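First up is the structure itself, then whatever we jot down about it.
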Amino acid sequence: MMQKLILLVLCLSLRGSAFHLPFSPSSLISTSVLSVLKDSSPETISDTSSSTPLGLNEALNDIKHDNNDNTHATVVQSNPEQYLSRGVDEDFANKSFKLDNYGPLVEIGNKKVNIFGAYTFLISLLTALPYYLGLTLTSTLSQNSLLSDPNHNIYDTVGKIWSNTWLALTLSTPLIVNKSTATSLPSTLKGRGCLIVANHASWLDIPVLCTAVEGPFKFIAKGELTKVPLIGQQLSGGDHILITREDRRSQLQTFKSALAYLNDGVPVMAFPEGQRSKTGRLEEFKPGAFSMAVKSKVPVLPITICNTHAVMPSDSFFPVQGGGGKLRVIVHDLVEYEEGRGEEELSMIVRRVIEGALPVEQRGE
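Just so you know, the sequence shown maps onto residues -18 to -1, 1 to 347 in mature numbering (1 follows the signal peptide of the UniProt record, and there is no 0).
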């Protein structure tokens, strides 16, 4: 009942704020937010080191040696095609939606904002208040033990509502291919955990994933993102997996936290490229994240995200164009755990599945 009350308040707030601005934007989003986003938004909730996925490789090695796990395989025995739901026809796959000219724009540091970007910034301001109210109400009820929600999933529900609303108002609702797999995920898993992995080419990947995947899941995120208004409140309140890159103990704790969620039946989301692809092309996967799936013996859900790099490129603060007709999310079949299949083999299988559904200009070189 309490969860329904929160959702009702959030929806009513969104409805009321869609056409009016009854609050001071500066009270919710200051200029400091832009500086934080400038430094961190491209890698929002992703692996953060190009050389060390999730900053966990050394910690993973320690755990493997301590437990004498045999988590490596040298031969790919499975056929990736059996997991592939293509969802990208030939005409779509050969199109490029990148803009050669953004039109009139302003520059903030090395980032650009065009007219459409200014519009999306306004939408962000308009939706900030209901987002804030939903998170605050959730926090109040949680602190007073009025919600039976041990994993704080209601925070993720609030985030999903905001993501759907923001994408719709910015004309960027993605087409979800094989949506039945995503919507039936909770019932398919039957209480098991799941490692969700996707290619990463833009900040837009985050709300897009929240829209595409049914049910709650936990992101692996940089700890410094808790300083970002609203997003930080959702990450910390929702008990997402936060990592301090320079802290070895934090790296080890991140791995243990992810395993705990997976073993408790809570899906965990990671970007196995280790960083955002600035060109949009798929980069090599690092097997570190897949160690979590192998060790906890849970399936992997591969997801292909198309053209977010064209809608919100790496040199822009906000989207430079609407994503309607451009953004597609292909939800593939689960890659089930198989005894004896190690992290490297699993990584290669999943990468080939994700790449097989990408547009030509996003496929690895």
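Note that beta-carbon positions come from the ideal geometry of N, C-alpha and C, so glycine has one too. It should be emphasised that the depicted structure is a prediction, and the values quoted were computed from it without experimental measurement.
Check                                                                                                                                                                              : Outcome
Would residue 284 pass as an interface residue toward chain B - the criterion being a Cβ-Cβ separation below 8 Å?                                                                  : Among the chains in the structure shown there is no chain B, since it carries only a single protein chain.
Go through its chain and collect everything with a Cβ distance to residue 186's Cβ below 8 Å, but skip five positions before and after it.                                         : 154, 290, 293, 294, 301, 305, 309
Could you check if residue 109 is buried or exposed, using at least 16 other CB atoms within 10 Å of its CB as the buried criterion?                                               : buried
Quick one: what does DSSP say residue 74 is sitting in, helix, strand or coil?                                                                                                     : helix
On the DSSP letters alone, give me the boundaries of the alpha helix (DSSP H) that residue 281 sits inside.                                                                        : Element bounds for residue 281: n/a, residue is neither H nor E.
Name the two residues that bound the continuous beta strand (DSSP E) containing residue 96.                                                                                        : 93 to 96
Would you mind listing the alpha helix (DSSP H) stretches within the region 209 to 285 that are 4+ residues and don't spill past its ends, in chain order?                         : 213 to 219, 230 to 245, 270 to 278
Tell me which residue opens and which closes the alpha helix (DSSP H) that residue 177 is part of.                                                                                 : From DSSP, residue 177 is part of no alpha helix (DSSP H) but of the beta strand (DSSP E) over 177 to 180.
If residue 299 sits next to residue 99, beta carbons under 8 Å apart, how far is it from one beta carbon to the other, in whole angstroms?                                         : 6 Å
Can you name the residues that DSSP bridges to residue 345?                                                                                                                        : DSSP lists no partner for residue 345.
Do residue 265 and residue 273 come within 8 Å of each other at the CB atom, strictly closer than that value?                                                                      : no
Indicate whether the contact test is met: 3 or more Cβ pairs, each with one atom in the region 68 to 78 and one in the region 325 to 342, closer than 8 Å.                         : yes
Kindly indicate which residue of 212, 231, 333, 232 has the alpha-carbon position closest to the one of residue 256.                                                               : 333
Going by C-alpha to C-alpha distance, which of 197, 176, 201, 177 sits closest to residue 188?                                                                                     : 201
What number of angstroms, rounded off, separates the C-alpha of residue 150 from the C-alpha of residue 325?                                                                       : 37 Å
Going by C-alpha distance, which of 148, 192, 133 is nearest residue 313?                                                                                                          : 192
Please report the Cβ distance between residue 349 and residue 285, rounded to the nearest whole angstrom; I am assuming they are in contact, meaning their Cβ atoms lie under 8 Å. : Past the edges of the chain, shown from -18 to 347, lies residue 349, and the structure says nothing about it.
In angstroms with no decimal places, state the Cα-to-Cα distance between residue 277 and residue 96.                                                                               : 46 Å
What residues are listed by DSSP as bridge partners for residue 202?                                                                                                               : 223
Is residue 65 closer than 8 Å to residue 335 when the C-beta atoms are compared?                                                                                                   : yes
Whole-angstrom Cβ separation of residue 199 and residue 140, contact assumed at under 8 Å?                                                                                         : The Cβ separation is near 14 Å, so there is no contact.
Should residue 232 and residue 223 be called a contact, given that it needs their Cβ atoms to be closer than 8 Å?                                                                  : no
Do residue 217 and residue 203 have their beta-carbon atoms positioned less than 8 Å apart in this structure?                                                                      : yes
Excluding five sequence neighbours on each side, which residues of the same chain lie with their C-beta closer than 7 Å to the C-beta of residue 212?                              : 110, 113, 114, 117
Could you tell me which of 132, 206, 163 sits nearest to residue 246, measuring between CA atoms?                                                                                  : 132
Do you know how far the Cα of residue 175 is from the Cα of residue 320?                                                                                                           : 15 Å
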